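What follows is a set of notes on a single structure, which appears directly below.
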Amino acid sequence: KFWIWGAITTVITGWLGNALPLVGYMTREKMDSKNIEEGRIQFKINIYTFLASIVFFIINIVEPDKIFQMASALSISIVFVQMLPFAPFSGKSIFKWKKIMWLLAVIPITFFYVFIQLIS
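Numbering (the numbering used here), first residue to last: -10 to 109.
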């Protein structure tokens, strides 16, 4: 749905140099095949981001650098928050799609997130 105040915000922030796109929003009423597909896609995106976090962590161990450390911490933080099963996070769609897949993903993500926070 088009949101007029979001469109105004987009124009103003674009004029200031860093566009913040808020021109629309989505509503969902029921779980249909489109939303199921969305949950599957969001699951893959979160798994790929989690794997990227692990790769950055391993690269940081081999070749210590603040960039790799920040990339690992940022990507695991994003995945951890996105996997929360509440709106507007993608974890809600994943949880509706397949609860067991959500659980199997949340466990290692949570452990890795806690590990990264403890060593940082």
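For glycine and all other residues, C-beta sits at the position ideal for the given N, C-alpha and C.
On a predicted model such as this, the values are computed, not experimentally measured, just so you know.
Q.
I need the DSSP call for residue 52, collapsed to helix, strand or coil.
A. For the purposes of this step, residue 52 is identified with residue 63 of the sequence shown, where counting begins at 1. Three-state result, residue 52: coil.
Residues in its own chain within less than 7 Å of residue 28 by CB, not counting five upstream and five downstream? Counted from its first residue, the sequence shown places residue 28 at position 39. These residues qualify, in order along the chain: 82, 83, 85, 86.
| said: Please classify residue 76 as buried or exposed, where buried requires at least 16 other C-beta atoms within 10 Å of its C-beta. | reply: Residue mapping note: residue 76 aligns to position 87 of the sequence shown, counting from 1. With a 10 Å radius around the Cβ and a threshold of 16 neighbouring Cβ atoms, residue 76 comes out exposed.
inquiry  = Please state whether the Cβ-Cβ distance between residue 99 and residue 78 is less than 8 Å.
reply    = Along the sequence shown, one-based indexing puts residue 99 at 110. Along the sequence shown, one-based indexing puts residue 78 at 89. Their beta carbons are not under 8 Å apart, which means residue 99 does not touch residue 78 by this criterion.
Task: When 90, 57, 60, 56 are compared against residue 32, the one with the closest alpha-carbon - done: Locating residue 32 in the sequence shown gives position 43, counting from the first residue. Of the candidates 90, 57, 60, 56, the one whose C-alpha sits nearest the C-alpha of residue 32 is 90.
The alpha helix (DSSP H) enclosing residue 78, as first and last residue numbers | Along the sequence shown, one-based indexing puts residue 78 at 89. Residue 78 -> no alpha helix (DSSP H), and no H or E assigned at all.
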